[in-house]
Each structure stands twice: as structure tokens, then as C-alpha cells.
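Visitor:
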């Protein structure tokens, strides 16, 4: 790779704030339409979803391109997903409901689509808390287990989106297709690895060699599959 | 701010403002139509002034409401025939052809017929009705409609005793309505219905205008139903047919998702939509950090309409 992605890190950090800046400009110029509170809320929700999806895209990109240093981006984008999701939640509590807790309570109890949003947020919140490298070291193997919950968070987030609509499904469907691709990639890799590890059970040196050949072939075929998409 | 006063003049003594105002306009428009051969609505004739500037206000309801700014009402409306989002549907609705417009009134009536909208308006007493409007999506607004009593219109065609329900049908105009063209979501045209006592209720109106002017196309031009104690989707737009029936019609949203959108669709904070609460609503025009409005049973019109449902389980007949 000629491109030094490490150098782009600070730039990316700032680029990720553009949606917020853009939203602030729209608020300042009263550009949010007839129901600005809902528009603000939806915009923040959309961006938390997008950042969550970008976070999930890092591992496949890394696998395909073999770029180094992608893990840092994964952490940063994940934290941005948390950041926008927190603003999304705050806009619900403060901007829309003006912290009227009784009405908020009834709304949450009676609105099943909010349950999925809350689940998605609680997971992202836990992942953000355990995001520092020190926490990762401290938690050891559990860290990976915990952070796999991001898949549940993503699925809950898309249900949260879909479950509040009256029938206009084009947008959640778009996000769903991408999510299926992102998670499907992982399943594919996992299946290949499992197949390989089965073949790698040592039955003598020959079997091992065969297995290694398979590794090269199969990882190449995975890449080919994604290139054609 | 419109301040409502009790109307002391008996209604029989008021000259119908439409007839009074529109004589000149209708003649003008007829000339224009003859000359251009094109459809310029008589109501749309060139004046920039509001068509109905100072109409008497309906005095059935005592409380005075402040209308939502017109710009918000004009830019925040669902019209699924055109698009599934409010912005695009408002834009595309401008393509709707509303002239000429006639309405068929048929079914269980003594004198069925098809009437030009202009002829209906000449017979009916137009008034301003300032109503709260509550969408099933949990937002609300206050709209000063211009319209007339649906009951009065129905009386002119003499309903038979067998007429128990009223079915309303929207226009089928696939050439201007993309979602009808692609057969998306609903079985088009859109259909809504009321029980006969709901239809005859003095709060139930057919609207032809709002804010003193003719209805914008996205808001249901040229003729729409307004039932202020029911969720907005009951208030069907662009009506071309009104049928009086013996049995309840199958209505569009009810057909689409029967467990989510009932035939009655009475506004009720205690009965949640299966997926979201109906307990509170966001009022259009309210600022950031303003609490939501607590939704009222029958949208606050319980005093007038609760008796229609006195022996009904509103949770079952939602």
C-alpha cells in the first residue's frame, strides 16, 4: 500500500464531525422543515446507524485489502456511533420530551420500537466504556466476547428503524442489505476457517500440507467473491 | 390569532359568502375556460386575495384554538398516492388535476347522482372550522378549515333507513399519482368509511379550503373529509365518490394492517398503536425543549362525540 492510512487518522477524526456541524447549520438557519424536532432526531439516528455500519465495515475492508492500522479506525468509528447515538437519545429525552419523565416512561413502555433502540444503545454504551486499550488488556478474552455484541446492537438498531414505520420500507431495506453483506462476510470467513481447522486436524504431515494449500486457495476465493460484488 | 365570537345573526339571514363572492369569479373563470380551453378552476381565478377572507366560524366548540402557521400545515402532510414521504408527496401532489371535479353520491339514498363541486358549494353553507388534527404518527396541528357539514350534504340526497355506513373513495389518477401507477402498498384508490351517525355528526365536515383559501393540492384539494376526533388517515383527500351502504366498507389502512389501524380510529391516548404509544403528541410549530402535548380522548371533542360510543369497548373497537 502506497497510501499511508495512519496519516489520515486526524483528518478522519474531524470529517466525522461534519454531520454534526451540518446539522447545527440547519438548526441555525431553520432548515429542518415543519417538524424540526423530529427531523433533528431522525438525522442523529441516521448518523448513529451509519457510523455503526462503517464500524462493521472495517474488518471486511481489512481482510480484503490487508491494510494495516485499521483497528484504530474501527475504534474511532465505533466511538462516533456511540457519540451520535448518545445525541439521538438526548434529543429524544431533552429536545422532544423536555425531560417530562412521566410521559417518557409511558412512551417507552408502550412503544416496542423504542425497546430495540434502547437495547442497541445499551450495547454500544458498554462497548464505548470498554473501548480504551487499558480496558482491553484488563478484560483479556472477555473483551472480544463483549465486543461481539456489536452484531446484536446492529440488528436491534435496524429493527428499531423498521419497526416505527408505517409501511415505507425502502430506507431500512437499504441498510439491511448492507448489514447482511457485512455480517455475511464474517459468516463466510468463519465457515471457511472452521472447514480448514477440521482439515488441519493432524493425521500426519501430508494432511497438514494439504490444509495449508487450502488456506491459500480459499482465502483467495473469498476475496474474489467480494471483488465481484 | 382568530378570536371566535358567538354568532348572533341567525344563519338563515347570512348570504352564503361563496355565492356572494364568487359570482364575479365564476363568470370570470367561465370566460377564461372558454377562451383558453384549459382547466382553470373557478375557485382558482386570478385573485391573490384569500377566497374566503372572513367566513363565519362554526360555533359548536367553545374553546378557542390558535391555528398552526399555514406554511407548516402545507409542508407536512402524508399523501401516499404520490410518495411515501411528506416532502416528495407535497411536491408531486401539485400535478393532481382537480378541475373539473365532480362527486358521485350513491348507494342507499333516494336520489343518487353525480354533482359538480361548484354546484355542491352553491347549495352548502361554508364556514370556518378551527379543529385540532392529530395524526396516527403522534404529531398534531390546529387547522382552520373552510368547509360545510357532511350531514347537510347527505340530507340533500335523502338517505334511506337502510344506510348504516358511508364509504368515501379518493380519486384514481394513476397518470399523476406514481404510487397508484406502481400499485404500491395499498389497493388504490384510497377508501375510508364512517358509521352513518358519525357521518351525520355536526363536527364532521367536508373541507374545500383552509386558512381562508382553497385547499392546497397536498392537503386534499379540491374536497376532503375532516373528522376531528379520529386519526388523520380517516380524513380522506380528493373525494370523488360517497356511497351510503348497509354494511361497513373495507378501508385502506385497515386492509393494509388490520391489527394496527382500526375502522374507528378514534383518537385515544389509552389505546396504543401496537408499535408505538399514542399517549402524547408533538404539536407542529412548538419549539425545541417544549414538552409534548398530552393527547386527549377523542382529541378533546369527547363532550360532542363520546355519546356515539357510549356502549362500546374502545379498546376492542379501536
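Residue numbers (the numbering used here), protein chains in the order written: chain A, 6 to 234; chain B, 1076 to 1393. Glycine is no exception: its CB is placed at the ideal position from the N, C-alpha and C atoms. Computed from a predicted structure; not experimentally measured.
1) Would you say residue 1340 of chain B faces chain A, with C-beta separation under 8 angstroms as the test?
2) With 8 angstroms set as the bound, which would you pick, yes or no: does the beta-carbon of residue 1260 of chain B sit closer than that to a beta-carbon of chain A?
3) With a threshold of 16 other CB atoms inside 10 Å of the CB of residue 48 of chain A, please say whether the residue is buried or exposed.
4) If we cut at 8 angstroms on Cβ distances, does residue 1168 of chain B have a partner in chain A?
5) CA-CA distance, residue 177 of chain A and residue 168 of chain A?
6) Let me know the secondary structure DSSP gives residue 1317 of chain B once reduced to three states.
7) Would you report the Cα separation of residue 40 of chain A and residue 1359 of chain B, rounded to the nearest angstrom?
8) Would you please verify whether the beta carbon of residue 160 of chain A is less than 8 angstroms from any beta carbon of chain B?
9) Show which residues of chain A have a CB atom less than 7 angstroms away from the CB atom of residue 1306 of chain B.
10) For residue 39 of chain A, return the contacting residues in chain B, with the cut-off set at a CB-CB distance below 7 angstroms.
11) Got a sec: is the Cβ-Cβ distance from residue 108 of chain A to anything in chain B below 8 angstroms?
12) Would you please verify whether the beta carbon of residue 25 of chain A is less than 8 angstroms from any beta carbon of chain B?
13) Suppose you measure from the CA of residue 1244 of chain B to the CA of residue 84 of chain A; what does that come to, to the nearest Å?
14) In its own chain, which residues sit with a C-beta less than 7 angstroms from the C-beta of residue 1233 of chain B, not counting the 5 before and 5 after it?
15) On a Cα-Cα basis, can you pick out the residue from B/1264, B/1200, B/1250 that is closest to residue 1132 of chain B?
16) Does the pairing of the stretch 1284 to 1296 of chain B with the stretch 1143 to 1153 of chain B give three or more beta-carbon distances under 8 angstroms?
17) Could you check whether residue 1195 of chain B and residue 1238 of chain B sit closer than 8 angstroms to each other, using their CB atoms as the reference points?
18) By the criterion of Cβ-Cβ separation under 7 angstroms, what are the contact partners of residue 1365 of chain B in chain A?
19) Which same chain residues, not among the five before or five after residue 1326 of chain B, have their C-beta less than 7 angstroms away from its C-beta?
20) Please name the residues in the stretch 166 to 195 of chain A whose beta-carbon is closer than 8 angstroms to at least one beta-carbon of chain B, in chain order.
21) So, are the CB atoms of residue 52 of chain A and residue 89 of chain A less than 8 angstroms apart?
22) Looking at the ligand ZN, does it come within less than 7 angstroms of residue 1320 of chain B, judged from the CB to the closest heavy atom?
23) Go through its chain and collect everything with a Cβ distance to residue 100 of chain A's Cβ below 8 angstroms, but skip five positions before and after it.
24) Residue 1056 of chain B bridges to which residues according to DSSP?
25) DSSP on residue 89 of chain A, reduced to helix/strand/coil?
26) Once DSSP output is grouped into helix, strand and coil, what is the label at residue 1212 of chain B?
27) Is residue 1363 of chain B helix, strand or coil by DSSP?
28) Which residue's Cα is closest to the Cα of residue 114 of chain A: B/1190, B/1349, B/1357, B/1387?
29) Below 7 angstroms on C-beta distance, what does residue 1352 of chain B contact in chain A?
30) With 16 as the cutoff for other CB atoms within 10 Å, does residue 24 of chain A come out buried or exposed?
31) I need the straight-line Cα distance from residue 1168 of chain B to residue 69 of chain A, nearest angstrom please.
Guide: Working from what's here:
1) Position 265 of the second chain, counted from the start, is the residue given in the question as residue 1340 of chain B. Chain A, which has no Cβ nearer than 8 angstroms to the Cβ of residue 1340 of chain B, makes this no.
2) For this step, residue 1260 of chain B is matched to residue 185 along the second chain. Interface residue, yes.
3) What you label residue 48 of chain A is simply residue 43 of the first chain in a count that begins at 1. Classification of residue 48 of chain A: buried, given that the 10 Å Cβ count is 16 or more.
4) As a position in the second chain, residue 1168 of chain B is number 93, starting the count at 1. No, because no Cβ of chain A sits closer than 8 angstroms to the Cβ of residue 1168 of chain B.
5) Working through the first chain from its first residue, we reach residue 177 of chain A at position 172. Working through the first chain from its first residue, we reach residue 168 of chain A at position 163. Spanning the two alpha carbons is a distance of roughly 10 angstroms.
6) Along the second chain, read from residue 1 onward, the residue named residue 1317 of chain B stands at position 242. For residue 1317 of chain B, the secondary structure class from DSSP, reduced to helix, strand or coil, is strand.
7) For the purposes of this step, residue 40 of chain A is taken as the residue at position 35 of the first chain. For the purposes of this step, residue 1359 of chain B is taken as the residue at position 284 of the second chain. Each residue's Cα considered, the two are about 6 angstroms apart.
8) Counting from 1 along the first chain, the entry for residue 160 of chain A is found at position 155. For residue 160 of chain A, not one C-beta of chain B is nearer than 8 angstroms to its own C-beta.
9) By 1-based counting over the second chain, the position of residue 1306 of chain B is 231. Here the premise fails: no neighbours, minimum Cβ distance about 11 angstroms.
10) The residue labelled residue 39 of chain A in the question sits at position 34 within the first chain. Those within 7 angstroms of residue 39 of chain A in chain B are 1147, 1150, 1151, 1359.
11) Stepping through the first chain from its first residue, residue 108 of chain A is reached at position 103. Residue 108 of chain A counts as touching chain B.
12) As a first step, residue 25 of chain A is located in the first chain; it is residue number 20 there, counting from the start. Taking Cβ atoms only, chain B never reaches closer than 8 angstroms to residue 25 of chain A, which makes this a no.
13) One-based indexing of the second chain puts residue 1244 of chain B at position 169. One-based indexing of the first chain puts residue 84 of chain A at position 79. C-alpha separation (whole angstroms): 51 angstroms.
14) Indexing the second chain from 1 puts residue 1233 of chain B at position 158. 1184, 1185, 1186.
15) Numbered from 1 along the second chain, position 57 holds the residue referred to as residue 1132 of chain B. The candidate whose alpha carbon is nearest that of residue 1132 of chain B is B/1200.
16) yes
17) Here residue 1238 of chain B refers to the residue found at position 163 of the second chain. Here residue 1195 of chain B refers to the residue found at position 120 of the second chain. No, the pair does not count as a contact, with Cβ atoms beyond the cut-off.
18) Here residue 1365 of chain B is taken as the residue at index 290 of the second chain, counted from 1. Neighbours of residue 1365 of chain B on chain A, chain order: 103.
19) Residue 1326 of chain B sits at position 251 when you count from the first residue of the second chain. Spatial neighbours of residue 1326 of chain B in its own chain (CB-CB distance under 7 angstroms, excluding positions within 5 residues in sequence) are listed in chain order as 1266, 1267, 1268, 1338.
20) 168, 169, 171, 172, 173, 175
21) Counting from 1 along the first chain, the entry for residue 52 of chain A is found at position 47. Counting from 1 along the first chain, the entry for residue 89 of chain A is found at position 84. In this structure, residue 89 of chain A lies closer than 8 angstroms to residue 52 of chain A by Cβ.
22) As for the ligand ZN, it is missing from this structure, which has no ligand bound.
23) To locate residue 100 of chain A, count along the first chain from 1; it is residue 95. The beta carbon of residue 100 of chain A sits closer than 8 angstroms to those of 42, 45, 46, all from its chain and outside the five residues before and after it, given in chain order.
24) Past the boundaries of the shown model lies residue 1056 of chain B; chain B is included only from 1076 to 1393, so the question cannot be answered.
25) Within the first chain, the letter at position 84 stands for residue 89 of chain A. Residue 89 of chain A sits in a helix when the DSSP states are folded into three classes.
26) Numbered from 1 along the second chain, position 137 holds the residue referred to as residue 1212 of chain B. Looking at residue 1212 of chain B - three-state DSSP - the assignment turns out to be coil, as it is neither helix nor strand.
27) For the purposes of this step, residue 1363 of chain B is taken as the residue at position 288 of the second chain. Here residue 1363 of chain B sits in coil by DSSP.
28) On the first chain, residue 114 of chain A is found 109 positions in, with the first residue counted as 1. Ranking the options by Cα distance to residue 114 of chain A, first place goes to B/1349.
29) Residue mapping note: residue 1352 of chain B aligns to position 277 of the second chain, counting from 1. Neighbours of residue 1352 of chain B on chain A, chain order: 111, 112, 115, 116.
30) Walking along the first chain from the start, residue 24 of chain A turns up at place 19. It counts as buried.
31) Position 93 of the second chain, counting from 1, holds the residue named residue 1168 of chain B. Position 64 of the first chain, counting from 1, holds the residue named residue 69 of chain A. Near 47 angstroms, if we compare the C-alpha coordinates of residue 69 of chain A and residue 1168 of chain B.
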